[in-house]
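If you're matching them up, the sequences are chains A and B in order.
The first sequence runs contiguously to residue 288 in my numbering.
The second sequence runs contiguously to residue 599 in my numbering.
Below is one structure, written out as C-alpha cells; comments come after it.
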Amino acid sequence: MTTTTRTDARWAAVRAGLSRGWLETKYSLREPGDLVWNLAFPIIYLVVLLFMQGSTVPGTDFALGAMVLPSLVGMSIGFGGLTGPASTIAVDREDGTLLRAKATPNGMIGYLVGKILMFALTTAVSLVALIIPAFAVAGDLRLDVRTFVLLVLIFLFGMLATVPISVALGSLLKRASQTGLLFLGSMLLIVPSGIFYPITALPEWLQWVGQVFPYYWLGLGARSAMLPESMASVEIGESWRTAEMFAVLGVWAVLGMVLAPIVLRRMARRESGSTVAAARERYMSQGY
Amino acid sequence: MRYGTKDVLTGVSFEAHRGEVLALLGPNGAGKTTTIEILEGFRMRSAGEVLVLGQDPAHADEAWRARLGVVLQSWRDHGRWQVRELLAYLARFYVPYSTPEVTRPWDVDELIRMVGLAEHANAKVQNLSGGQRRRLDVAIGIVGRPELVFLDEPTAGFDPHARREFHDLVHRLADFENTTILLTTHDLDEAEKLADRIIVLDGGTIVANGSAEQLARELTTQAEVRWTSGGRRHVHAVTEGDPTGFVRGLLARDQEVTELEVKRASLEDTYMSLVHRAETSGAETSGPDKNTADAGGPGQAPSERTEEVQS
Numbered sequence: 001m002t003t004t005t006r007t008d009a010r011w012a013a014v015r016a017g018l019s020r021g022w023l024e025t026k027y028s029l030r031e032p033g034d035l036v037w038n039l040a041f042p043i044i045y046l047v048v049l050l051f052m053q054g055s056t057v058p059g060t061d062f063a064l065g066a067m068v069l070p071s072l073v074g075m076s077i078g079f080g081g082l083t084g085p086a087s088t089i090a091v092d093r094e095d096g097t098l099l100r101a102k103a104t105p106n107g108m109i110g111y112l113v114g115k116i117l118m119f120a121l122t123t124a125v126s127l128v129a130l131i132i133p134a135f136a137v138a139g140d141l142r143l144d145v146r147t148f149v150l151l152v153l154i155f156l157f158g159m160l161a162t163v164p165i166s167v168a169l170g171s172l173l174k175r176a177s178q179t180g181l182l183f184l185g186s187m188l189l190i191v192p193s194g195i196f197y198p199i200t201a202l203p204e205w206l207q208w209v210g211q212v213f214p215y216y217w218l219g220l221g222a223r224s225a226m227l228p229e230s231m232a233s234v235e236i237g238e239s240w241r242t243a244e245m246f247a248v249l250g251v252w253a254v255l256g257m258v259l260a261p262i263v264l265r266r267m268a269r270r271e272s273g274s275t276v277a278a279a280r281e282r283y284m285s286q287g288y
Numbered sequence: 289m290r291y292g293t294k295d296v297l298t299g300v301s302f303e304a305h306r307g308e309v310l311a312l313l314g315p316n317g318a319g320k321t322t323t324i325e326i327l328e329g330f331r332m333r334s335a336g337e338v339l340v341l342g343q344d345p346a347h348a349d350e351a352w353r354a355r356l357g358v359v360l361q362s363w364r365d366h367g368r369w370q371v372r373e374l375l376a377y378l379a380r381f382y383v384p385y386s387t388p389e390v391t392r393p394w395d396v397d398e399l400i401r402m403v404g405l406a407e408h409a410n411a412k413v414q415n416l417s418g419g420q421r422r423r424l425d426v427a428i429g430i431v432g433r434p435e436l437v438f439l440d441e442p443t444a445g446f447d448p449h450a451r452r453e454f455h456d457l458v459h460r461l462a463d464f465e466n467t468t469i470l471l472t473t474h475d476l477d478e479a480e481k482l483a484d485r486i487i488v489l490d491g492g493t494i495v496a497n498g499s500a501e502q503l504a505r506e507l508t509t510q511a512e513v514r515w516t517s518g519g520r521r522h523v524h525a526v527t528e529g530d531p532t533g534f535v536r537g538l539l540a541r542d543q544e545v546t547e548l549e550v551k552r553a554s555l556e557d558t559y560m561s562l563v564h565r566a567e568t569s570g571a572e573t574s575g576p577d578k579n580t581a582d583a584g585g586p587g588q589a590p591s592e593r594t595e596e597v598q599s
C-alpha cells in the first residue's frame with residue numbers, strides 16, 4: 001500500500017461523504033415528518049412576533065419583534081448545530097449505521113463529512129424558512145450586502161462552534177432515548193441567552209452564564225448583521241463586540257474539534273454487531 | 289478472549305483457505321459471535337494470535353478492511369435510502385483499492401441483479417421485506433469484491449423459502465468468485481448444506497473440526513447394535529469406540545443371533561445432545577465435577593449398557 005493510494009482513498013471517502021450529505025438532505029426534505037419539523041418553528045416564531053407587536057425594546061422606541069427576529073436566526077444556527085448531530089449520532093449508533101461506516105474502508109470519514117454537510121444544509125434550509133416570520137418585522141431591519149456577508153460568516157463559525165461539540169456529546173450518550181436531555185439542556189441555555197429578551201435586563205450573574213455559551217454570541221452576531229447601528233446601545237458594553245463574538249465561537253470550535261475525534265473514536269471502537277443486536281433486543285422488548 | 293475474569297474463548301485455533309466455505313457451528317453462547325467479531329476487527333481480544341489476510345485485525349489498516357466483507361444484520365439503518373443509491377455510495381469507498389487482479393468495486397447494477405433485487409433497485413430500504421433486506425445486507429457486504437466474507441447468523445428469522453434463496457446466493461459467491469466465506473450458525477442443517485468444513489464450538493472451545501462426513505465419524509462415537517436371539521429382540525448401545533469388537537464377541541458367544549443391525553447415531557443426534565447440554569448447563573454453576581447431563585460426547589469414560597426390549 002503506497003502513500004498515494006492511502007491519500008487517494010481518503011479523498012475518495014471525503015467525496016463519497018459529500019454525496020452522502022447531499023443524499024441525506026434530499027431524503028430529509030422529502031420526508032413529511034422532517035418537513036413539518038422544519039416548518040413548525042418558523043410558524044411558532046411568527047406567532048411570537050405577532051404577539052410582540054406594539055412592544056418596544058426597553059428604553060427605545062424600536063420594535064421588540066424586530067430585535068427578536070435576528071436573535072432567532074442566531075438561535076436556529078446554534079440549536080441546529082448543537083442538537084442535530086448529537087441525536088443523529090446516538091440513533092445511528094443504535095441502529096447500526098455507524099457499524100456499517102466502520103465496516104467500510106475510510107467509512108467513518110465519509111460518515112462524518114456527510115453528517116456535517118447534511119446539518120449545514122438542513123440548518124440553512126431552516127434559516128431560509130425564517131423568511132416567513134421575517135415578513136412581520138421586515139420594515140425595521142437593516143438588509144444590505146454587509147448583512148449577507150456577516151450572516152454567512154456567522155453561519156460558518158456557528159456550525160464550526162457547535163457541530164463538533166454536538167458530535168462529542170452524542171458519542172457520550174448511552175442510548176438514543178437520552179437525546180431528550182440534550183433538547184432540554186439546549187432550551188435551558190436559551191433562557192439566559194438574550195434571544196427572546198435583552199440580556200441586559202437579566203441579573204448580572206445570569207448575564208455571565210449566558211455569555212459563556214454560543215447561543216448569546218450567535219444571537220448577538222445576527223443582531224449586529226440585521227439591526228441598525230443605533231441598536232448596539234442596548235447591548236452589553238453598548239457595542240456589537242464583533243471581535244469577541246468570533247473569538248468566543250472560535251474557542252468553542254477548537255474545543256469541539258479537539259474533543260470530538262477522541263470521544264467519537266473511543267465510542268466507535270466499542271461498536272460491534274453484538275452491541276447493535278443488544279440495542280435492537282432492548283428496543284423490541286421495552287419499546288425504546 | 290476474556291470478559292472480566294471469565295474466559296469466554298479458550299483454545300479456538302483454526303485456519304481457513306482461499307475459496308473455502310467455513311461454518312462456525314454451535315449452540316447459543318458457544319462463542320461464535322465473539323470469535324467472528326475478533327476476526328472482523330470489531331472486538332479486542334485479551335490474548336492469543338490472530339491473522340486475517342496476513343494482518344492482525346486489532347491493528348489492521350483500511351487497505352485490509354477493503355479486502356474484507358462483513359455482512360451485518362440490518363435493522364433500521366439507512367431506512368430512507370434507495371437501494372441503488374446506498375450501494376453506489378458504499379461502492380465509492382472501494383474504487384482506490386482496485387488492483388489489476390481484482391477490479392473493485394462490483395458494478396452496482398450487476399450486483400443488484402445478482403442478489404435478486406433488480407425490481408427493488410429504486411425502493412426505499414425501509415420498504416423491503418425481511419428476506420430482501422438480508423439480500424441487500426449481502427450485497428453491501430460484497431460490494432467491494434472482498435476476498436473474505438464474514439456472515440454472522442445470516443438466516444436467523446428466515447422462512448424456508450428465503451433461507452433456500454440465501455443458500456443459493458452463498459454457493460454462487462463461493463463457486464464463481466473464489467471468495468472465502470466464514471459464517472456462524474446454530475443450525476446444523478444449514479452448516480451441512482453450505483460449508484466445506486464445519487467447526488463446532490461449545491463453551492468457548494472447538495469440539496470438532498472437519499467436513500460433515502468427518503464430523504459424523506469424529507463426533508458420533510455412539511452406536512446401537514440390535515439383534516434377535518431366541519425370539520427376543522435385544523438392543524445394545526456402544527457409547528465409545530468401534531462397535532465391531534462388541535459384534536465379534538456377540539457372534540462368537542451366541543450362535544442364534546439373527547437380524548443383526550448396527551446403527552451409528554446421526555450427526556444430528558450428537559449435535560442436538562450438545563445443544564441440550566449447553567442449555568441445561570447454562571442454569572447450573574460450573575463446578576469441578578461436571579455433573580451436567582452428559583450425552584455421549586467425546587472425552588467421556590467408556591460405558592456400555594445393554595437393554596432388552598420385548599418384540
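Quick reminder that beta carbons are idealized off the backbone N, C-alpha and C, glycines included.
All values derive from a computational prediction rather than experimental measurement.
(1) According to DSSP, B:Asn284 sits in a beta bridge with which residue or residues?
(2) Take A:Ala260 as the anchor and find which of A:Leu35, A:Gly273, A:Leu160 and A:Thr242 has the nearest alpha-carbon.
(3) Identify the continuous beta strand (DSSP E) that holds B:Val523 and give its terminal residues.
(4) By Cβ distance below 7 Å, which residues in the same chain neighbour B:Lys578 in space, the five residues on each side in sequence not counted?
(5) Does chain A have any CB closer than 9 Å to the CB of B:Ile430?
(6) Quick test of the definition: if touching needs 3 or more C-beta pairs under 8 Å, does the stretch 343-363 of chain B touch the stretch 506-525 of chain B?
(7) Taking B:His366 as the query, report the chain A residues whose CB atoms sit under 7 Å from its CB, ordered along the chain.
(8) Restricting to runs no shorter than 4 residues, where is the alpha helix (DSSP H) found entirely within the stretch 78-112 of chain A?
(9) Using only alpha-carbon positions, find the residue among A:Thr200, A:Ala66 and A:Gly107 that is nearest to A:Leu46.
(10) Listed from N- to C-terminal order along the chain, which residues in the stretch 336-354 of chain B have their beta-carbon within a distance smaller than 8 Å of any beta-carbon of chain A?
(11) Since B:Leu312 sits in a beta bridge, which residues does DSSP pair it with?
(12) Suppose only complete runs of 4+ residues qualify. What are the alpha helix (DSSP H) ranges in the stretch 135-221 of chain A, listed by chain order?
(13) Could you tell me whether the Cβ of B:Trp363 comes closer than 9 Å to any Cβ of chain A?
(14) Am I right that B:Gln543 and B:Ala525 are in contact with their C-beta atoms under 8 Å? What's the rounded C-beta distance?
(15) Return the residue from the list B:Gln361, B:Pro442 and B:Arg333 that minimises the CA-CA distance to B:Thr298.
(16) Please give the ranges of any alpha helix (DSSP H) in the stretch 355-421 of chain B, keeping only runs that are unbroken, at least 4 residues long and fully inside the region.
(17) When the Cα of A:Gly59 is compared with those of A:Val251, A:Met231, A:Ala268 and A:Trp240, which residue comes out closest?
(18) When the Cα atoms are used, what is the spatial distance from B:Leu327 to A:Ala120?
(19) Taking DSSP as the reference, what is the three-state secondary structure of A:Gln286?
(20) Can you tell me where the alpha helix (DSSP H) with A:Trp37 in it begins and where it stops?
(21) Give me the chain B residues within the contact set of A:Ser274, using Cβ-Cβ distance strictly less than 7 Å, ordered along the chain.
(22) Pair every Cβ in the stretch 334-341 of chain B with every Cβ in the stretch 394-412 of chain B, then say whether three or more of these pairs are closer than 8 Å.
(23) For B:Arg514, report the span of its beta strand (DSSP E) as first-last.
(24) May I ask you to list the residues that DSSP assigns as paired with B:Asp440?
(25) Roughly how many angstroms separate the alpha carbons of A:Gly273 and A:Leu99, rounded to a whole number?
(26) Here's the rule: buried if 16 or more other CB atoms are within 10 angstroms of the residue's CB, otherwise exposed. What is A:Phe135?
(27) Tell me the DSSP secondary structure of A:Arg10 in three-state form.
(28) Would the beta-carbon of B:Ile469 fall within 9 Å of that of B:Glu308?
(29) Does the distance from the CB of A:Val113 to the CB of A:Gly256 come in under 9 Å?
(30) Please state the DSSP three-state secondary structure of B:Gln543.
(31) If the criterion is Cβ atoms closer than 9 Å, does the pair B:Thr467 and B:Pro434 meet it?
(32) Say whether the stretch 78-87 of chain A touches the stretch 166-173 of chain A, bearing in mind that this needs 3 or more beta-carbon pairs closer than 8 Å, one atom from each stretch.
(33) Ordered along the chain, which non-local residues of its own chain (more than five positions away) have a Cβ less than 7 Å from that of B:Lys481?
(34) If you reduce the DSSP assignment to three classes, tell me which class B:Ala304 lands in.
(35) Determine whether the beta carbon atoms of A:Pro133 and A:Val258 lie at a separation below 9 Å.
(36) Using a Cβ cut-off of 7 Å, pull out every chain A residue sitting near B:Tyr559, in sequence order please.
Let me spell this out:
(1) Because chain B spans 289 through 599 in this model, residue 284 of chain B falls outside it and cannot be assessed.
(2) A:Leu160
(3) For B:Val523, the enclosing beta strand (DSSP E) stretches over residues Arg520 to Val526.
(4) Summary for B:Lys578: the model assigns pLDDT 31, below 50, so the residue's position carries little reliability; its value from the coordinates is reported in the next sentence. For B:Lys578, where only same-chain residues beyond five positions count, there are no Cβ hits under 7 Å.
(5) With 9 Å as the cut-off, B:Ile430 does not count as an interface residue toward chain A.
(6) Fewer than three Cβ pairs drawn from the stretch 343-363 of chain B and the stretch 506-525 of chain B lie within less than 8 Å of each other, which leaves the two stretches out of contact.
(7) Thr97
(8) 97-103
(9) Nearest of A:Thr200, A:Ala66 and A:Gly107 to A:Leu46, Cα basis: A:Ala66.
(10) Asp349, Glu350, Ala351, Arg353 and Ala354
(11) B:Thr472 and B:Ile487
(12) As far as the stretch 135-221 of chain A is concerned, its whole alpha helix (DSSP H) runs of at least 4 residues are 145-172, 179-190 and 204-212.
(13) Against chain A, the CB of B:Trp363 has a partner CB under 9 Å away; the residue lies at that interface.
(14) Actually they do not touch by this definition, with Cβ atoms about 23 Å apart.
(15) B:Arg333
(16) 371-380 and 396-402
(17) A:Met231
(18) 37 Å
(19) helix
(20) Pro32 to Phe51
(21) Thr321 and Glu325
(22) no
(23) Ala511 to Ser517
(24) B:Thr472
(25) Whole-angstrom Cα-Cα distance: 7 Å.
(26) exposed
(27) In this structure, DSSP gives A:Arg10 a helical state, which the three-state scheme calls helix.
(28) yes
(29) no
(30) Three-state result, B:Gln543: coil.
(31) yes
(32) yes
(33) His455
(34) coil
(35) no
(36) Result: empty, since nearest Cβ-Cβ is about 23 Å, beyond 7 Å.
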